[in-house]
Structures are given as C-alpha cells and as structure tokens.
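Asks: Protein chains in written order, with the working numbering: chain A, 741 to 855; chain B, 593 to 707. We put the CB at the ideal spot given by N, CA and C, even for glycine. Got a structure for you, written out below as structure tokens; questions coming shortly.
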C-alpha cells in the first residue's frame, strides 16, 4: 500500500501554462507539506497544511496555490509556469505529536520540466 | 533562525566499513528535533532516524546511529557495515518547536560505497 502518493510522476509543459500536482496520503496524518527540490538537490519547504488549514506559507510566488480539500489530500496548482519552476516537487505528511513531529513521510516526487 | 550545515558534499567508503556523515545545526530553541533522510538515485526520500533534543540516548535504527553531541550542536549519522545499496544522497534536517512543524534541510552529502 502506498503511504504518500503523487500524480503525475513526470510533468513536461511549456512556459506560461497552468498545471496541477495532486497528493494523497493514507497514513491518517494531520499535516501535509509541499517541498521543492532544485537542480542542486536543495530541499525547501513551500507550504504546510494542518487539518485543511494553511500553517506554513514560505516566500513562494503567488503563482503557486496549494489547496487541501480534506486532511488526506493536498494539491498544488501553478499558474503561468516559468523556466525556474523546473524542479522536483515532493509532498510529505506527518502526525503532530506533543513536542513536535518525529518523522515525515515523503511521496515519490513529481519532476516538473518547463520548456 | 535555524540553520543546518553539512560540510561534506561527497564521500567515499569501502564496502563493509563504517562511515560518519557530518551535520551541525544552529538554533536558540531548547526544544528541537533532528532527522536524517536518504535519497537514492531513484529519487525518493526515505526517513532514516530521528533524535529529539531532550532524548537522553543517541538514536539507533539498525545499521544507522545518530551521534548527538548537544554542546557541540552536532548530529552526525553513522552507518555501520556499509553496503552498495547505501550509495545515495543523505540529508540532515531540523525541526524547532515553535515553527509549526517546519523542517529545514541541509544541502546533503553524496555517499558512494566502493566494492
């Protein structure tokens, strides 16, 4: 059983297009995240939702809009794609505990290529 | 602000030997957690081990152990009896208590195991 799944795995599109990435987790976790991993493998958090509420919103362009219809799903919509958006986008989830999370589980990633 | 530093961009280790991957961190928060993740060439992020700042003992998970030296603010990962399948990127990460479960990642160390 896949714990955290993402679709699509690969996404190739042209500049200016709008695209979405979907994420689902079946772990019963309350918190979900979007991370961006650039070409140098640097991983940076973009957004986090806890029980459908946005709790982390890093300095990300407004063209990126996350949506969490329920606590098991977190989607990422990107408008007007730019070359610099090319990266691997990871979804992750965790279960908040007293004192803070002790693990995060990642999806397989979505490799976005903007041409 | 919290910061994670991994100073070794790449390392080699002979198969069956032990290897230490360095990680130092900086935070003024007394409550924090430290993580290590493995990213093989296939791209997925695999959670390896966690150490809480108040945990009395160093964390161990199979062949992985975390050498936690609080006064030196270091959280090195030790892999014993290296295997070819250990060849991957390894990321150190930190979560502080007041950060809405925000996890900050280091730049990673690429480990190559030589037969």
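With three or more beta-carbon pairs closer than 8 Å as the criterion, would you say the segment 745–761 of chain A touches the segment 791–800 of chain A?
Replies: Contact fails: fewer than three Cβ-Cβ distances are below 8 Å.
Asks: Residue 784 of chain A to residue 776 of chain A, Cα distance in whole Å?
Replies: As a working mapping, residue 784 of chain A is identified with position 44 in the first chain. As a working mapping, residue 776 of chain A is identified with position 36 in the first chain. Using only the alpha carbons, I get a separation of about 5 Å.
Asks: Skipping 5 residues on each side, what residues in its chain have a beta carbon closer than 6 Å to that of residue 754 of chain A?
Replies: Residue numbering aside, residue 754 of chain A sits at position 14 when the first chain is read from its first letter. Cβ within range, chain order: 855.
Asks: For residue 817 of chain A, tell me which candidate among A:767, A:786 and A:769 has the shortest Cα-Cα distance.
Replies: Sequence index remark: in the first chain, residue 817 of chain A carries index 77 (1-based). Comparing Cα-Cα distances from residue 817 of chain A to each of A:767, A:786 and A:769, the minimum goes to A:786.
Asks: Tell me, please, whether the CB atom of residue 697 of chain B is closer than 8 Å to any CB atom in chain A?
Replies: As a working mapping, residue 697 of chain B is identified with position 105 in the second chain. Residue 697 of chain B counts as touching chain A.
Asks: Taking the alpha-carbon of residue 651 of chain B as reference, which of B:680, B:681, B:663 and B:627 has the nearest alpha-carbon?
Replies: The residue labelled residue 651 of chain B in the question sits at position 59 within the second chain. The shortest Cα separation from residue 651 of chain B among B:680, B:681, B:663 and B:627 belongs to B:627.
Asks: Below 8 Å CB to CB, which residues in the same chain sit around residue 631 of chain B once its five sequence neighbours on both sides are set aside?
Replies: Translated into positions along the second chain, residue 631 of chain B becomes position 39. Taken in chain order, the residues that qualify are 637, 638, 680, 681, 682, 683 and 700.
Asks: Would you decide whether residue 849 of chain A is buried or exposed? Buried here means 16 or more other CB atoms lie within 10 Å of its CB.
Replies: Translated into positions along the first chain, residue 849 of chain A becomes position 109. Classification for residue 849 of chain A: buried.
Asks: Name the one or two DSSP bridge partners that residue 704 of chain B has.
Replies: On the second chain, position 112 is the one that residue 704 of chain B refers to. Answer is B:604.
Asks: So, using beta-carbon positions, are residue 790 of chain A and residue 748 of chain A closer together than 8 Å?
Replies: Position 50 of the first chain holds residue 790 of chain A. Position 8 of the first chain holds residue 748 of chain A. Taking 8 Å as the Cβ cut-off, residue 790 of chain A and residue 748 of chain A do not qualify as a contacting pair.
Asks: At which residues does the beta strand (DSSP E) containing residue 684 of chain B begin and terminate?
Replies: Here residue 684 of chain B refers to the residue found at position 92 of the second chain. Element bounds for residue 684 of chain B: 680–688.
Asks: Looking at the structure shown, is residue 658 of chain B part of a helix, part of a strand, or coil, going by DSSP?
Replies: Looking up residue 658 of chain B in the second chain gives position 66. In this structure, residue 658 of chain B counts as strand in the three-state DSSP scheme.
Asks: Check whether the Cβ of residue 656 of chain B sits closer than 7 Å to any heavy atom of the ligand MN, and report yes or no.
Replies: The model on display carries no ligand, and the ligand MN is accordingly not part of it.
Asks: Sort out for me which residues DSSP pairs residue 834 of chain A with in a bridge.
Replies: Translated into positions along the first chain, residue 834 of chain A becomes position 94. Residue 834 of chain A pairs with A:771.
Asks: Please check the pair residue 840 of chain A and residue 698 of chain B, which I expect to be a contact at CB under 8 Å, by giving their CB distance rounded to whole angstroms.
Replies: Against the first chain, residue 840 of chain A aligns to sequence position 100. Against the second chain, residue 698 of chain B aligns to sequence position 106. The pair is not a contact, with the Cβ atoms about 18 Å apart (cut-off 8 Å).
Asks: Helix, strand or coil for residue 625 of chain B per DSSP?
Replies: Looking up residue 625 of chain B in the second chain gives position 33. Correct three-state label for residue 625 of chain B: strand.
Asks: Can you have a look at residue 593 of chain B and say buried or exposed, based on whether 16 or more other CB atoms are within 10 angstroms of its CB?
Replies: As a working mapping, residue 593 of chain B is identified with position 1 in the second chain. Exposed, by the Cβ-count rule.
Asks: Determine which residues share a DSSP beta bridge with residue 815 of chain A and list them.
Replies: Sequence index remark: in the first chain, residue 815 of chain A carries index 75 (1-based). According to DSSP, which records beta bridges pairwise, residue 815 of chain A is partnered with A:762 and A:807.
Asks: Ordered along the chain, which non-local residues of its own chain (more than five positions away) have a Cβ less than 7 Å from that of residue 764 of chain A?
Replies: For the purposes of this step, residue 764 of chain A is taken as the residue at position 24 of the first chain. Once the five neighbours on either side are set aside, the close Cβ partners of residue 764 of chain A are 745, 812 and 813.
Asks: Among B:596, B:612 and B:608, whose alpha-carbon lies nearest the alpha-carbon of residue 602 of chain B?
Replies: Counting from one through the second chain, the residue named residue 602 of chain B turns up at place 10. When only C-alpha atoms are compared, the closest one is B:612.
Asks: Using a beta-carbon distance cut-off of less than 7 Å, what residues from the segment 773–784 of chain A approach chain B?
Replies: The segment 773–784 of chain A vs chain B, Cβ under 7 Å: 781, 782 and 783.
Asks: Relative to the C-alpha of residue 669 of chain B, which residue among B:641, B:687 and B:619 is closest?
Replies: Within the second chain, numbered from 1, the residue matching residue 669 of chain B stands at position 77. With distances taken between Cα atoms, residue 669 of chain B lies closest to B:641.
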